[in-house]
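Here the structure comes first, spelled out in structure tokens, and everything after it is commentary.
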Amino acid sequence: MSARTLYEKVWDRHVVVPETAETPGVMYVDLHLVHEVTSPQAFSEIEARGLKVRRPDRTFATLDHSTPTLPAGADGQRPYFTAAAKNQVETLEANCERHGVELAGWDSDQRGVVHVMGPELGLTQPGMTVVCGDSHTATHGAFGALAFGIGTSEVGHVLATQCLLQRRAKSMRVTVGGALRPGVSGKDVALAVIAAIGFGGGTGYVIEYAGEAVRSLDMEGRMTLCNMSIEAGARAGMIAPDQTTIDWLRGRRHVPADFDTAAADWLTLASDPGATFDKEVVLDGAAIRPMATWGTTPDAGAPVGAPAPHPRKASDQKALDYMGFTAGEATTGHKVDVVFIGSCTNGRLPDLRAAADILRGRKVQPGVRMLVVPGSEAVRRDAEAEGLDRVFTEAGAEWRIPGCSMCIAMNGDFVAPGQLAVSTSNRNFEGRQGKGARTILASPATAAASAVAGVLTDPRAYLEAIHA
Amino acid sequence: MPEAFKVLTSKTLTLSQANIDTDQIIPARFLTTTSREGLGAHAFHDWRYEADGSAKPEAVLNRIDPTEQRILLAGPNFACGSSREHAPWALLDYGFRAVISTEIADIFTSNALKNGFLPIVVDQATWDDLAAHPEQPVTIDLEAGEIRRGNVAPVPFKVEAFARQCLLDGVDTLGWLQSKLPYIQTYERFREPETI
Ligand code: SF4
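For the record, the sequence lines run as chains F and V. Just add 3 to wherever you are in the first sequence, counting from 1, and you've got the numbering used here. Just add 4 to wherever you are in the second sequence, counting from 1, and you've got the numbering used here.
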């Protein structure tokens, strides 16, 4: 057989009916993750047709987007933002109950943001196809799975048939060579990659990330990188499984009983030498600095402290105007109102540790509201066991219960109109974090450093103090 | 099941800015619905309404008759961002049936086609030509696979073959997928990977 890419190998394993010029292929789905926002209409659709969930054993649900991050009150009532949010949560609870789908609900110690929960339970495994009605499903590609977001109609397709109609995508390899510098994280790599490819530059592609800098990332850093593939327009991002992947998965709840046999198979998934990609992009990892965005698209990234660029197109000027930044001036001079640490991009334990390392013994600048939201109950437990929650609260930050929170601002956690936020989430679109909110995307370390300084700040200033 | 789409003739509405993301088309705070209906009221909400809920009189979307301008002419990288199918639901409910752009996001394209909303990618010259003639009706002919305007030579466009057939014939994709059940069973019997 000719040399194949990682993507082709995973694709080939899941073809139920091959594609033709007239019809797309039928692709089997190994893992279907479900949350409350994009599933209600899909359950209604299959029920209207008298259908059942075909494979409840391959379907896992969680509550994350519309859920409050403050605990239930003394009366046991959860502080839902709206009646609609509560109804949406209860609709998923009822749908899962009726169809026998396992739900990591309010009473579960497994509940978490869908893309944090799946991997940590070992549900996500190399070589799988993973889908979810959520564009950041690409996160799971960090394990060498083919993982992508689907719409609600397709959620219905998968619920009813465990399959999807798919055409093969084009392939792009993004190689980040060299060694990353201290203080540079997976998030900084992601923002640098997106800036290089452009916001729509990945449209139609599945990206494979390769190179020494990518290999050097831990699994959480790899998940951060794959998570943001959609911000370059790519549906999926993948990284070939290696020893780091296997070590991370070993012992997790849902991994195969014969783990070593599975692991040996996973290592065969790497792209063959000589496999060709439709497009190649190469970056120097050693040249990447802590990154932050200056505009309203995720590709508007630049090293922290760099001057905002002179507009090359009308949309650049519009973005600068919205953000209140001036071309040619650094964006580090503006007072920050809100700092958010969390989301499926940066709500994992190493992310919280990176932020806590900076906050330990320091205070959040008066006037800055800092919200730390762990990505899952497991992350919350582990962080509390290490005392990270106390580091945050002693510094003056709020420590919340898991959920998407301010990443999408559906649950009542939002940035007020006109406020400037430094956020570890993935989208800086106008109004994404609340109507009129202005968002700077950055790493957990940069966000924490900015909370201490009260302005956007390169975390290395504080890190040097730590390591001195 | 979506309405069939064969030929549509309408004036266009130009929204020329690049990267009109799904949070602009339908802000996330309106996603707590459990139905597909009624989302048109929130389409481009923050472009149309002030923080206090009053309509912005200067907003172009508040000044048009949606039954007359059913084709959006949008800047590049239209509908980038989230996978929310609420985006095409909102556009359809508002009154649009198609979008023409030089670049349209993948997931939106797939969602739109399943709902009878036609995403059409054209080159820059065609886009510029359409934008220069906002008053002239444009015909989108899916059967012929071309866009026509006045006496200008028709411009061909491509839609994925199966999606096109589904739109023309009103085929139900889930029903079609279910017809492959014997293959799915065979796959599960012989090739399905270990259960999780
Ligand atoms: S954390 Fe943000 S990006 Fe991730 S699933 Fe939740 S809303 Fe989507």
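Even glycine gets a Cβ: it sits at the ideal position worked out from N, Cα and C.
Per-residue burial, residue i [other beta carbons within 10 Å of its own, 16 or more giving buried]
i: V19 of chain F; result: buried
i: R1 of chain V; result: Residue coverage of chain V in this structure runs from 5 to 200, which leaves residue 1 of chain V outside it and unanswerable.
i: R435 of chain F; result: buried
i: L185 of chain V; result: exposed
i: V161 of chain F; result: buried
i: W14 of chain F; result: buried
i: S5 of chain F; result: exposed
i: K190 of chain F; result: buried
i: I68 of chain V; result: exposed
i: A448 of chain F; result: buried
i: V11 of chain V; result: exposed
i: E157 of chain F; result: buried
i: S183 of chain V; result: exposed
i: F280 of chain F; result: buried
i: D132 of chain V; result: exposed
Below-8 Å beta-carbon distance, residue i vs any chain A residue
i: E433 of chain F; result: No chain A is part of this structure, whose protein chains are labelled F and V.
C-beta contact flag for residue i and residue j at 8 Å
i: C84 of chain V; j: F46 of chain F; result: no
i: L272 of chain F; j: G147 of chain F; result: yes
i: T296 of chain F; j: N429 of chain F; result: no
i: G439 of chain F; j: A55 of chain V; result: yes
i: E211 of chain F; j: R256 of chain F; result: no
i: L106 of chain F; j: A64 of chain F; result: yes
i: I29 of chain V; j: L117 of chain V; result: no
i: N90 of chain F; j: T38 of chain V; result: yes
i: H102 of chain F; j: V56 of chain F; result: yes
i: V556 of chain F; j: A237 of chain F; result: Residue 556 of chain F falls outside the range modelled here, since chain F spans only 4 to 471, and no answer is possible.
i: N414 of chain F; j: T70 of chain F; result: yes
i: L126 of chain F; j: V92 of chain F; result: no
i: L134 of chain V; j: A102 of chain V; result: no
i: H313 of chain F; j: A330 of chain F; result: yes
i: I233 of chain F; j: A141 of chain F; result: yes
Proximity to residue i [Cα-Cα], best of the options
i: A78 of chain V; options: V:E164, V:H46, V:D25, V:Q169; result: V:D25
i: V455 of chain F; options: F:G364, F:T427, F:L220; result: F:G364
i: R184 of chain F; options: F:A289, F:F343, F:A6; result: F:A289
i: V119 of chain F; options: F:K338, F:R383, F:A450; result: F:R383
i: A150 of chain F; options: F:P82, F:A75, F:M231; result: F:M231
i: E223 of chain F; options: F:G345, F:D302, F:E433; result: F:G345
i: V339 of chain F; options: F:M373, F:E157, F:G415; result: F:M373
i: I188 of chain V; options: F:A163, F:A448, F:F328; result: F:A163
i: G181 of chain F; options: F:V133, F:A388, F:G214, F:T132; result: F:G214
i: R81 of chain F; options: F:W109, F:A322, F:T94; result: F:W109
Range of the contiguous alpha helix (DSSP H) that encloses residue i
i: Q44 of chain F; result: 43 to 51
i: F166 of chain V; result: 165 to 173
i: F82 of chain V; result: No alpha helix (DSSP H) holds F82 of chain V; DSSP gives it neither H nor E.
i: I344 of chain F; result: Element bounds for I344 of chain F: not the alpha helix (DSSP H) but the beta strand (DSSP E), 341 to 344.
i: Y325 of chain F; result: 317 to 326
i: H102 of chain F; result: 86 to 102
i: A454 of chain F; result: 447 to 456
i: T26 of chain V; result: 26 to 29
i: H90 of chain V; result: 90 to 98
i: P122 of chain F; result: 117 to 123
i: E389 of chain F; result: 380 to 389
Beta strand (DSSP E) segment containing residue i, residue limits
i: C166 of chain F; result: 166 to 169
i: D287 of chain F; result: 282 to 287
i: Y31 of chain F; result: 28 to 31
i: Y53 of chain V; result: It is not in any beta strand (DSSP E) - Y53 of chain V carries neither H nor E in the DSSP assignment.
i: V18 of chain F; result: 18 to 20
i: Y208 of chain F; result: 208 to 213
Any non-hydrogen atom of the ligand SF4 within 7 Å of residue i CB
i: V133 of chain F; result: no
i: I111 of chain V; result: no
i: V117 of chain F; result: yes
i: H143 of chain F; result: no
i: D416 of chain F; result: no
i: H137 of chain V; result: no
i: N349 of chain F; result: no
i: D27 of chain V; result: no
i: H139 of chain F; result: yes
i: C84 of chain V; result: no
i: C229 of chain F; result: no
i: I411 of chain F; result: yes
i: D67 of chain F; result: yes
i: N429 of chain F; result: yes
i: S346 of chain F; result: yes
i: C407 of chain F; result: yes
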